[in-house]
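The working numbering applies: residue 2 is where the sequence shown begins, and numbers increase by one.
Below is one structure, written out as structure tokens; the observations come after it.
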Amino acid sequence: MRAGIAAAAIVVLAIGGCTADGEKPAEPVRSTAPTVAASFTPGAEGAGDPYFPTYGNGGYDVAGYDLNLRYDPTSGQLDGTATITATATQDLSSLHFDLATLVASKVTVGGQPATSKADGNELVVTPAAGIVKGTGFTVVVDYGGRPAPLTNDALGVGGWLRTKDGAFALGQPESASTWFPVNDHPSDKATFALAMAVPDGVEAISNGVAGERSTAAGWTTWRWSEDKPMASYLATVVIGQYRVQSSTHDGKPMVIAIPDSLPADGPAAQSMALTGEIADYLVTLFGPYPFDAYGGVVIDDNRVGYALETQSRPVYGNVFFRERSNPTVVAHELAHQWYGDSVALERWQDIWLNEGFATYAEWLWQEHKGEETTQQAFDRAYRDFDWKTPTGDPGADKIFGDAVYQRGAMAVHALRKTIGDQAFFALLKSWPAEHRDGNATTAEFIAAAERASGKDLTSFFRAWLESRTQPAHP
2 MRAGIAAAAI VVLAIGGCTA DGEKPAEPVR STAPTVAASF TPGAEGAGDP
52 YFPTYGNGGY DVAGYDLNLR YDPTSGQLDG TATITATATQ DLSSLHFDLA
102 TLVASKVTVG GQPATSKADG NELVVTPAAG IVKGTGFTVV VDYGGRPAPL
152 TNDALGVGGW LRTKDGAFAL GQPESASTWF PVNDHPSDKA TFALAMAVPD
202 GVEAISNGVA GERSTAAGWT TWRWSEDKPM ASYLATVVIG QYRVQSSTHD
252 GKPMVIAIPD SLPADGPAAQ SMALTGEIAD YLVTLFGPYP FDAYGGVVID
302 DNRVGYALET QSRPVYGNVF FRERSNPTVV AHELAHQWYG DSVALERWQD
352 IWLNEGFATY AEWLWQEHKG EETTQQAFDR AYRDFDWKTP TGDPGADKIF
402 GDAVYQRGAM AVHALRKTIG DQAFFALLKS WPAEHRDGNA TTAEFIAAAE
452 RASGKDLTSF FRAWLESRTQ PAHP
């Protein structure tokens, strides 16, 4: 639906966003134009991703989310305020945020009351007047309720999950919309700050650098901030009974959290203890570590049969550590800090750029430790693989399948064999450096590989990313 304004005089709302140092936004400025200056239309209710067209929204670009929340583990109630700073990318008459199950009680835009309504898992906000393209603005949403996860028939459950002593928010490809209003698509990266109040004696761990913790009237507020742009699905909070270990690694804070339900010296703790060593090794491959903090969180919950590269502090299901220490999964999630987090997806079809390189990092780590070589890992995967699903376009229901992870890693190794180690390892560093804190596509990676090697790689990538038959062994 499109709606325009055509009148002899219109009112335009120019709204100042928050400054970088947190100063109060400028007061709204109203001006009257003698002629039609703009045609205001609603922002799209989806980002237009070919795989998930309704995920995310259009019409604006978020700069940052600042959340001030309170969660009661006993009742499961979450309440608080989200302050969202953004810039209009079109002349906006209204805009959508993704917000599932929770209810907005008050919304302002630029300090002025705005109308809002829930439309399924969307929060539709209509400001008092149109927002001109290129204008910075601030939306403040008071909201609350009992958050619940979202279920994708093909990909499973993601988002807010309640536990007996707290909760956690985790999932891919969508998660954030279950606990705050958001443009829930990785193409719109933004900074993130969280103040989470929980009962005294309960821990709340999130992304980035820990801020000052405060206690009042039986509640403790934990503060976290991630100042580097982050895809929304990488935002997390983990609430419950945890042993939180804070230290410093390479001059940056490292925070590791292990559930009280797991032994202090068990396989999970042993694996997390390798975080610094593995990160240091990956620096030699990928270049400088891209964030301001390190760490990891383990969740002891049977509903989490995966690990996720939540920015600066990956979250691991204890399924990986039930029998022994598992450094390879740590290598995988830490590799994502470069490949997937710092350099994020522009569209979900290109997820092999995340998972292929992270899986190959597992192979490199194992070779580094004197275990299976990368060639042996490649040969093992290549031998009996089903090549029917193309890596570069696996389909929305197969973005977490072997074509993305294993065939993706094989494509990375085959590229190494094709262009040689010198060009390959130079590319491993130049790619995340060139796209640091941004988004990228497969087409851009192919161009970068051709520049690094000086070769036309059209047929190579066609075979490894598009073909439904077995590529030639390199």
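All C-beta atoms in this analysis are idealised placements derived from N, C-alpha and C, irrespective of residue type, glycine included.
Cβ-based burial, residue i [other Cβ within 10 Å; buried from 16]
i, result
"residue 104", "exposed"
"residue 474", "exposed"
"residue 314", "buried"
"residue 377", "exposed"
"residue 114", "exposed"
"residue 219", "exposed"
"residue 248", "exposed"
"residue 372", "exposed"
"residue 91", "buried"
"residue 471", "exposed"
"residue 443", "buried"
"residue 123", "buried"
"residue 58", "buried"
"residue 198", "buried"
"residue 187", "buried"
Three-state class that DSSP yields for residue i in the structure shown
i, result
"residue 430", "helix"
"residue 178", "helix"
"residue 420", "helix"
"residue 72", "strand"
"residue 310", "coil"
"residue 90", "coil"
"residue 395", "coil"
"residue 43", "strand"
"residue 327", "coil"
"residue 132", "strand"
"residue 250", "strand"
"residue 263", "coil"
"residue 148", "coil"
"residue 348", "coil"
"residue 439", "strand"
"residue 388", "coil"
"residue 27", "For residue 27, the predicted structure reports a pLDDT of 40, less than 50, and the residue's modelled location is therefore unreliable. The matter cannot be settled from this model."
"residue 34", "Confidence is the limiting factor: at residue 34 the pLDDT is only 36, short of 50, which leaves the residue's position unreliable and the question unanswerable from this model."
"residue 337", "coil"
"residue 240", "strand"
"residue 454", "helix"
"residue 53", "coil"
"residue 401", "coil"
"residue 62", "strand"
"residue 377", "helix"
Where the beta strand (DSSP E) through residue i begins and ends
i, result
"residue 222", "220–231"
"residue 120", "116–120"
"residue 216", "215–217"
"residue 169", "168–171"
"residue 192", "191–200"
"residue 125", "123–127"
"residue 162", "157–163"
"residue 109", "104–110"
"residue 205", "204–207"
"residue 317", "316–318"
"residue 300", "295–300"
Rounded Cβ spacing between residue i and residue j (contact assumed at less than 8 Å)
i, j, result
"residue 159", "residue 175", "6 Å"
"residue 424", "residue 454", "4 Å"
"residue 319", "residue 269", "6 Å"
"residue 146", "residue 102", "6 Å"
"residue 309", "residue 196", "Rounded, the Cβ-Cβ distance is 23 Å, inconsistent with contact."
"residue 338", "residue 292", "6 Å"
"residue 85", "residue 148", "In fact, because the Cβ distance is near 18 Å, the residues do not count as touching under 8 Å."
"residue 287", "residue 433", "6 Å"
Residues of its chain near residue i, where Cβ-Cβ distance is below 6 Å and the 5 sequence neighbours each way are ignored
i, result
"residue 194", "67, 226"
"residue 239", "169, 206, 298"
"residue 273", "257, 297"
"residue 447", "462"
"residue 279", "331, 332, 335"
"residue 436", "344"
"residue 77", "147, 163"
Neighbourhood of residue i by C-beta distance below 7 Å, restricted to the same chain and skipping five residues each side
i, result
"residue 360", "333, 406, 407, 409, 410"
"residue 1", "As shown, the chain starts at 2 and ends at 475. That puts residue 1 outside it, with no answer to give."
"residue 457", "451"
"residue 125", "95, 97, 117, 118"
"residue 161", "148, 149, 150, 168, 170, 179, 180"
beta-carbon residue i near the ligand MG non-hydrogen atom, thresh 7 Å
i, result
"residue 324", "Ligands are entirely absent from the displayed structure, and the ligand MG is therefore not among its contents."
Cβ shell of residue i (< 8 Å), same chain only, five flanking positions each side left out
i, result
"residue 275", "326, 328, 331"
"residue 370", "328"
Run of the alpha helix (DSSP H) containing residue i, from where it starts to where it stops
i, result
"residue 357", "353–369"
"residue 268", "268–273"
"residue 278", "276–287"
"residue 460", "459–462"
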